[in-house]
Structures are given as C-alpha cells and as structure tokens.
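Reviewing the structure listed below.
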C-alpha cells in the first residue's frame with residue numbers, strides 16, 4: 001500500500017469530536033437506539049431512557065437498506081426530522097444512515113454523524129460526497145471487505161478533506177450460520193495497532209443474537225474498541241426490524257457498567 | 001420468499017432486447033471490450049476488431065470503482081461520450097457502468113445498457129433510480145451476495161417498472177486465493193431452472209486469470225448462460241487495469257467459435 | 001512452492017489405469033452408484049443397471065463419515081465385501097471410501113480405487129498410508145482447502161511412491177446456502193493447465209440439488225474434467241443418505257449421452 | 001438437533017481435571033509452549049520458564065501436520081518421550097497432538113491431554129478411538145467447521161464414553177488474509193451460553209500475528225473462555241515453525257497478569 005492518511009506513519013491518532021463527545025479518547029462511547037425510527041413518540045420515549053442511563057449518542061434508521069423492496073424502507077426524510085427533533089429535546093447527538101449522494105447535503109441539517117452502512121462501503125460516489133462535508137462519518141465494514149479495502153474506503157473520505165472518520169466493525173459474512181455474522185475482533189486489535197482511526201464495534205449485527213451481545217460487548221472493548229453501537233428498544237420483542245438482536249434498557253445498563261469496570265485497566 | 005416478479009411462477013422468461021440483439025434468446029450474446037476506456041482512438045481500434053469478429057455488444061468503463069482513491073478513476077463523462085460515439089461509428093450497442101444516482105439520467109443519452117457493478121449490487125438507491133428508466137440493466141452479483149439477495153436486488157429494479165434486467169455472475173469471494181474470485185456456475189444453472197431473468201457470465205473477473213477464460217467460457221455456456229462478458233484488448237499486457245485477466249482478439253475469436261459449436265446441442 | 005511431483009514441470013500428465021479403464025485419457029470416465037451401500041441385493045440391482053448403460057466404475061460407501069455419531073455409519077467391513085462381490089458379478093471396477101489407517105491394508109482386498117473423502121484430505125497419516133500401496137487413490141478436495149493444500153495432499157501420497165492419484169473437485173464451503181456447496185470449476189481448468197494429475201468432478205455433492213446435476217455435469221466436462229462421480233439410485237427418493245442430490249438411472253443415461261456429444265469437440 | 005450429551009439440557013457443565021488443574025472452573029487455565037518440540041534441551045529450558053511464571057500446562061508438538069510432506073514433520077515418538085520427561089522434571093501436565101488412530105494407545109503413556117488438531121476434527125475414526133480412553137481431549141475446531149459440526153465431533157468422543165472433552169477455538173478460514181485466521185469469539189460466548197463443555201481459545205493460530213495476541217487473549221477471556229493456549233518460545237524469532245505468531249516469555253507474563261485482573265469481574 002502507498003502512504004495513506006489512515007496510517008499511523010502519517011500522523012497522530014484521530015479523535016473525532018461530536019458536540020462534547022470525543023470518539024477515540026479515554027472514555028468508551030456508547031451509541032444506542034432502535035434499528036428503525038418507528039415514530040416520534042416511540043423514539044422520544046427510548047431516547048429519554050437512553051439519556052438517563054448515560055448513553056452518549058442516539059441512533060435510529062430513517063433510510064433502511066432492506067433486502068426486499070417490499071419490506072418497510074424507513075420513514076425517510078420524515079425520519080430524519082424526527083431523530084433531529086428528538087436529539088435536541090433530550091440533548092443527545094444523533095447518528096443515522098444515508099444511502100444516496102443526493103441526501104448528503106440535506107442530512108447535514110438533521111444529523112450529527114452520518115453512518116455509511118455495510119452495503120454501501122464500496123459506494124465510492126457516496127464516500128466522495130460525504131468526504132466533501134465536515135460531518136463525522138461512521139464507516140461500517142462491508143460484509144466481505146478485507147482490511148485493505150475498508151481502510152481504502154476510509155481513505156476515499158479523507159482524501160476529499162474530511163478527517164472525521166470512525167470505523168465500525170459489524171461482523172463479516174462467513175460459512176457459519178449459527179450467528180448472523182462473524183464478529184471479527186482481530187481487525188479491531190489490528191487497527192488500533194497500526195492505524196489512526198477510532199473504531200467502534202456493533203455487537204448487535206456482529207452476532208445477530210441478543211443473548212451474545214453482553215459478552216461480545218466487553219470482548220470488543222478488550223480488543224481495543226473505542227466504543228459500541230448497540231440496538232436497544234423499550235420492548236425488544238416488538239421492534240419493527242432486527243428484533244432478535246435487540247436488547248432492553250436494563251440489559252444495556254448492565255453492559256455499560258461492565259464497560260466501565262473493564263476500562264479501568266487500560 | 002414472497003411472490004416475486006423474478007420468479008417463473010409469475011410469468012414467462014424475460015428476453016431483453018438491445019437494438020436488434022436479444023439477450024435470453026437462442027443465440028448466445030458476446031459482450032466484450034476493455035476494462036477501462038483509455039481514449040477515443042484506442043477504443044475505436046478495438047471496437048472495429050470486435051465488430052469484425054461478430055461481438056454483439058461493446059463494453060468499456062467510464063466510471064471505474066477502484067479500491068484506492070489514488071488509482072485511475074476512469075474518464076467519467078468524457079468516457080461516456082467516447083463509448084457512445086464509438087458505438088455509433090462501428091454500429092454496436094454499448095454497455096457501461098454507472099455508480100451514482102445523479103448520473104443515471106445522463107447515462108441514458110450515451111449507453112444502451114447500464115451496468116450495475118458488484119460493489120453496487122446492494123446500492124438500493126441506485127437500483128430504484130435505474131428502475132425508473134426503461135434502459136436495460138446488467139446487474140452483477142455482489143461479491144458475497146446470496147442468490148436470494150441478488151434476486152431481490154433485481155426485484156428492486158423491476159418493482160419500479162423496468163423489466164429489462166439481465167443478471168451477471170462474476171465470481172464470489174471465498175477463501176481461495178489462487179483465482180481472483182470463485183466463479184459460481186451452480187447459480188447459473190439454478191437461475192435458469194427457476195427464474196425468469198436472462199443471465200450472462202463474466203469469466204474475466206470470475207477467474208482473474210487469462211489462461212482460464214477459454215475453458216470457463218464454454219463451461220458457463222453449458223451451465224446455461226445466455227452469454228458472456230469478456231475483457232479483451234488489442235494488447236492485453238498494456239491494459240490500464242485488469243491486464244492479468246484480459247485476453248487478445250485471436251483468443252476471443254477462438255472462444256466465440258467454441259461457443260457456437262457447443263450451442264448446437266441446446 | 002518447491003518442485004513437486006504434481007507439477008507438469010516434473011513430467012508428463014498421469015493416466016491412472018483401473019483394470020481396463022484409463023482415467024485421464026480421451027474417454028471421460030463415469031463413476032456412479034449409491035451414496036451408501038444399503039444391502040447386497042440393492043447394490044446388485046443398481047450395479048446391473050449401471051453396467052448396462054455403460055458406467056465405467058461402481059461407487060458405494062461402506063464407511064460413512066456422518067456429522068452425527070447417531071446417524072447410520074455404513075455397513076463397514078460387511079459393506080466392503082458386498083461391493084467387492086457385486087463388482088465381480090457385474091464386471092465393474094469399484095471405488096469406496098476408507099477413513100482409518102488401520103483399514104487400508106484390508107481395503108486392498110476389496111476395492112479397485114480407494115476414495116479419500118473431503119473430511120480426510122488433511123489426514124496426513126492416512127495419506128501416507130495409502131501412499132505406501134499401489135492402489136489408485138481418488139483424493140477429494142477438502143471443503144475449505146486451497147489449491148495449494150490440495151496439491152500438497154496429493155504430493156503426500158506421491159512422495160510415498162504411489163503415483164496413481166486422481167483429484168476430485170466436490171464443491172467448497174462458502175457463504176452461499178442455496179446450494180450445499182459451491183462447485184469450483186475454476187480449479188478444474190487450473191489443474192488441467194498446470195498439473196499432472198487427472199481430475200474428476202462430483203456434481204452431486206458440488207450442488208446438493210438433483211435438478212442442477214445435469215447442467216453442472218456438462219459444465220464440468222467443458223472446464224476440463226476427465227470424468228464425473230455422480231450419486232444415482234434406482235429410487236432416489238428412498239436413498240438412505242443424500243437423497244436430495246441423487247439422480248435416477250434415466251437421468252444418468254441422459255447425462256452420459258450429453259457428455260459424449262460435447263466430448264467430440266475436445 | 002437431537003438430544004445431545006454436549007447440551008446443557010442434558011446435565012451440568014463439565015469440568016475437566018488434569019492432575020490438579022481444573023479446566024472449566026473459576027481459574028483461567030494457561031497452556032503454553034513451543035509449536036514443535038525441537039529437542040530435549042530446548043523444551044526443558046522453556047518449560048522451566050513457563051513453570052516459574054505460573055503456566056498450568058505445557059504444550060509441544062511431536063507429530064506436526066504440515067501442509068507440505070517435505071516440511072519438518074516433528075520428532076514423532078521421540079518427541080512424545082521428550083515432552084513426557086520434561087513434564088515430569090518441571091512438574092507440569094503436558095498436552096500434545098495425535099493424528100493417527102494407531103498412536104492413541106501409545107500416547108496414553110506420555111501425555112496428560114491429547115490434542116485433536118483442526119485438520120482432524122472430522123476424522124471420526126480418531127475421535128472414536130480417543131473416545132474409548134479416559135484421557136482428556138482438547139478438540140480444536142475445524143478450519144471451516146460450523147458450530148453444529150464441532151459439537152457433533154465432541155459428541156463422537158463422548159458417545160464412546162469419554163466425557164473429558166475441552167473445546168478449543170483457533171480461528172476459522174474466511175476471505176480475510178491480513179490475519180492467518182479469523183478468531184470467532186462469537187462461538188465462545190454461544191458455547192458458554194448453551195453447552196456443557198469447557199472452551200479455551202488459541203489466539204496464536206487465531207490471529208497468526210504476535211502483536212495481536214495480547215489483546216485477543218483478554219478479549220477471549222471476556223467472551224467467556226476458560227483458558228488460553230498460546231505459542232511461546234525463549235527466542236520466538238528462531239522457532240522452527242509458526243515463528244510469526246509466537247510470543248516471548250515476558251510477553252506471556254504480561255498477558256497472564258492481565259487475565260488475572262480481568263477475571264476478578266466474573
């Protein structure tokens with residue numbers, strides 16, 4: 001590989017600032033919320049709970065990349081407005097996924113972090129477009145992306161001038177079908193070793209199984225992750241999508257306590 | 001899976017008409033040309049050769065999805081103009097890849113078929129956008145897409161009203177590193193068995209090795225493929241990208257002769 | 001890689017002689033029979049049919065490597081005796097799988113070819129043991145073996161003095177779950193290009209789906225295969241194991257006719 | 001799946017006793033030593049160091065399953081004698097790999113635990129043979145084995161009467177080539193959730209990169225592992241095999257200290 005902006009050889013580790021939250025600093029950052037934004041009321045009620053327990057950033061999907069065109073595709077721009085409004089009311093920065101180059105400018109009015117999902121990691125037009133903004137970008141790993149491809153995807157954003165890139169490992173596609181994906185914590189350790197970007201882990205998609213989320217959350221932190229993105233819901237069984245991997249508020253509280261205990265040793 | 005437009009249960013097999021070429025009919029369709037459009041002169045010189053030997057459709061990349069942002073990204077709109085102009089001069093329909101929703105409308109002025117590349121198979125915004133046109137779409141399989149995900153990607157296009165969808169198997173990502181990808185001809189046979197869409201095979205990306213292209217071309221036809229997309233070049237060793245998998249004109253002539261011989265038995 | 005016995009640089013292509021059958025010669029060799037030997041009577045009845053239609057070698061499993069210890073494990077030595085007896089009665093060479101180093105010597109009394117199954121490709125003790133005999137060995141590819149590992153497994157046998165090695169591609173393990181395995185015909189073409197060993201293809205395990213076996217059989221031959229190993233049964237639906245991928249005698253007849261037609265062009 | 005001995009529904013979690021070490025109890029068990037036994041002197045010198053720093057079990061390979069038949073295959077029975085002798089001298093239980101059914105009885109005289117390597121996880125003859133002993137068995141996961149296949153492999157041993165089975169996750173084969181394997185900690189969490197067997201993790205093979213071993217060791221413990229198997233050497237750069245993933249004694253000391261700190265919270 002040529003000399004890259006993502007490489008530690010190039011410069012210091014990058015810390016991404018989102019309002020008063022630092023991603024890549026000492027404190028581990030917790031991003032949580034429902035998979036999809038279902039309504040203003042339901043998002044507000046979960047956001048209040050998340051704020052109360054100390055979650056740092058609120059997540060929620062407005063544009064949902066669903067396998068079938070006949071599945072619920074998200075509330076779209078209406079969803080952007082809801083999460084923006086809810087974030088202000090509970091005083092939490094928000095993150096949401098954008099999938100179309102034409103929505104990037106608009107998104108800047110509504111979200112504090114733009115998420116590039118796994119399915120769009122190779123969408124170089126989109127990467128270049130978000131690279132022209134100064135908005136922090138959470139770049140999920142493609143489901144079969146190699147370390148090199150993932151880093152180059154980050155480089156696409158940085159080469160346009162936006163250094164606020166956060167990587168997110170969310171599991172890769174393998175032959176194993178017991179779990180939805182195989183969480184690849186090896187790369188978390190590798191990235192902290194050699195590269196400049198902060199990295200967080202999504203144990204919800206990384207396992208697909210609610211009962212594995214607590215252990216894999218701590219495991220991710222010990223592999224070096226700077227934070228976690230976890231799907232939570234007031235009533236996980238009733239979540240519109242990804243119910244099987246969504247945890248409840250009390251389960252999230254327990255994970256956050258454990259993260260603090262283990263973090264003492266770093 | 002719900003009842004889908006791609007399913008044979010829904011209706012007859014689809015034949016896609018591109019000028020006077022039928023994809024999905026009796027005759028196997030050969031699409032060929034360089035990986036990237038390098039200049040008007042070089043594309044014209046290869047296009048003349050391809051026309052002479054009976055190739056049906058001219059391919060060439062104007063927008064190139066490269067792993068590194070520092071690699072040659074294609075001639076972009078200038079490339080679209082070149083391939084359109086060359087196609088007219090040699091009287092061949094042309095195909096080129098589009099990666100950004102904002103380029104779809106423009107592309108309609110220049111190309112006879114829009115190619116959606118492997119990296120954008122999950123780019124649902126782009127699929128919906130091309131679904132709103134009537135332009136034939138060649139939809140490559142994502143590098144780790146399951147049959148179900150691939151068919152649903154086609155369904156995204158068809159659900160918007162564009163039935164002119166051609167699938168293209170181009171190899172999947174596996175643990176095997178000897179070949180660039182693993183060409184999955186199983187799915188070619190499966191798709192011809194149960195689904196309505198024509199399917200062609202790209203043995204260039206499917207193997208990554210020039211010396212395997214002739215055998216895998218015939219093998220693909222026998223698995224049921226309706227045609228082939230093959231990277232060729234007047235001087236393969238000097239191709240700007242993908243040189244290792246690019247074949248020469250005489251090699252292409254030999255493959256086309258073999259395809260004709262074997263097709264007699266279907 | 002160091003200089004290897006499997007390499008064409010080392011010497012001429014190897015033809016393996018089994019009684020009066022040549023594997024690796026002009027004629028494509030068809031190996032067929034049931035997955036498991038169920039009884040003398042049932043094997044004899046299918047063997048007579050197979051002989052009649054021109055199958056070259058009779059297969060049948062005596063030792064069955066089953067995922068669960070509670071599944072039928074085969075008739076074991078009794079099965080060896082049955083296949084040996086049936087082979088003599090119908091005048092067909094026979095092939096059966098051996099899994100234990102302690103059974104190799106015994107097997108020499110009963111079978112004309114020893115099959116090393118996918119699960120034992122890395123069982124180097126077994127490879128060395130069969131390498132000390134002169135019995136032809138059919139070496140299936142491990143389910144996630146690279147080309148290099150597979151060739152070295154063959155080399156283990158040849159280094160002990162037994163040059164009668166036949167490779168068998170039977171599909172690899174990938175993320176795709178629609179088919180049981182992904183048949184990797186790329187490697188068939190690659191092996192014919194550079195290596196000395198004959199190679200046959202098993203489209204039954206390679207697809208896991210009976211309806212894909214005919215197309216993939218021809219496809220394999222066109223990729224360069226020297227023959228096919230196909231699971232067949234008088235009454236496929238009633239096969240004790242692998243019923244879903246087993247074909248009937250009339251289906252096999254059709255495949256053999258097609259193989260002959262296509263072979264005319266090589 | 002049918003009702004299995006490995007399932008928690010069947011009975012309590014299994015603790016495997018090796019001399020006075022308990023695997024599956026409160027204390028995390030550390031297994032360490034060189035990849036291959038090189039000589040009596042070198043093994044003794046590292047064993048003394050390992051004993052001094054509190055390692056619980058000494059590992060060392062006598063029979064080495066190497067990809068090439070021309071690579072060093074281990075000291076074989078001479079190696080068994082060496083590790084047995086060294087174990088006694090330094091008062092540490094020992095573990096070594098057995099690959100051939102004919103070596104199982106002999107191994108009982110020399111080793112406290114028999115390791116079944118990744119390449120032999122599907123070697124059902126070997127599994128049955130070790131199942132007939134009472135020797136504790138460390139069963140490594142096959143390089144592309146699913147959870148179900150791995151558990152059934154354990155079941156093969158237990159069904160013969162030997163309940164002393166320890167699982168060992170050592171990374172799976174995926175498309176990612178940056179690391180030697182992809183360590184699948186998801187399954188560690190899954191196994192502790194639902195199954196009875198103790199499980200340890202091998203971060204040396206699981207990453208293939210020495211610099212990732214410390215973080216992945218702690219990460220494995222937090223995912224629920226009952227211990228670690230780590231390749232160490234007095235002089236890692238000079239190890240005969242697997243040098244790239246072997247750590248030094250001081251590095252091992254640091255890992256063991258961290259394991260103790262983190263274990264306080266379970």
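Residue numbers (full-length UniProt numbering), protein chains in the order written: chain L, 1 to 266; chain E, 1 to 266; chain C, 1 to 266; chain R, 1 to 266.
Backbone N, C-alpha and C fix where the C-beta goes; we use that ideal spot for every residue, glycine too.
The structure displayed is predicted, hence computed values, not measured ones.
CB contact below 8 Å: residue i versus chain L
| i | result |
| --- | --- |
| residue 72(C) | no |
| residue 156(E) | yes |
| residue 141(C) | no |
| residue 67(C) | no |
| residue 267(R) | Because chain R is modelled from 1 through 266, residue 267(R) falls outside the range shown and cannot be assessed. |
Reduced DSSP category for residue i - H, G, I as helix; E, B as strand; rest coil
| i | result |
| --- | --- |
| residue 163(E) | coil |
| residue 126(R) | helix |
| residue 226(E) | coil |
| residue 9(R) | coil |
| residue 96(E) | strand |
| residue 240(L) | coil |
| residue 73(R) | coil |
| residue 101(R) | helix |
| residue 234(C) | coil |
| residue 156(L) | helix |
| residue 179(E) | coil |
| residue 139(R) | strand |
Identified DSSP bridge partners for residue i
| i | result |
| --- | --- |
| residue 133(C) | Bridge partners of residue 133(C): none, in fact. |
| residue 169(R) | 201(R) |
| residue 251(R) | None, per the DSSP bridge assignment. |
| residue 85(R) | Residue 85(R) is not bridged to any residue. |
Residue environment, residue i, which counts as buried when at least 16 other CB atoms sit within 10 Å
| i | result |
| --- | --- |
| residue 177(R) | exposed |
| residue 256(R) | buried |
| residue 213(R) | buried |
| residue 226(L) | buried |
| residue 130(E) | buried |
| residue 72(E) | exposed |
| residue 9(L) | exposed |
| residue 287(C) | Outside the shown range of chain C, which is 1 to 266, sits residue 287(C), and nothing can be said about it. |
| residue 264(R) | exposed |
| residue 162(L) | buried |
| residue 250(L) | exposed |
| residue 54(C) | exposed |
| residue 132(C) | exposed |
Test: residue i CB closer than 8 Å to a CB of chain C
| i | result |
| --- | --- |
| residue 170(L) | no |
| residue 256(E) | no |
| residue 173(L) | yes |
| residue 36(R) | no |
| residue 197(E) | no |
Any chain R beta carbon closer than 8 Å to residue i
| i | result |
| --- | --- |
| residue 111(L) | no |
| residue 153(L) | no |
| residue 176(L) | yes |
| residue 122(L) | no |
| residue 25(L) | no |
Below-8 Å beta-carbon distance, residue i vs any chain E residue
| i | result |
| --- | --- |
| residue 261(C) | yes |
| residue 101(L) | yes |
| residue 180(L) | no |
| residue 219(C) | yes |
| residue 107(C) | no |
Residue i at chain D interface by Cβ criterion, 8 Å
| i | result |
| --- | --- |
| residue 246(R) | Going by chain labels, chain D is absent from the structure shown, which instead holds the protein chains L, E, C and R. |
Requested in this report: Output the residue ranges of the beta strand (DSSP E) runs that lie fully inside the segment 3-64 of chain C and measure 3 residues or longer, sorted by chain position.
Outcome: The segment 3-64 of chain C contains, as complete beta strand (DSSP E) runs of 3+ residues, the segments 16-18, 21-23, 29-33, 57-59 (chain order).
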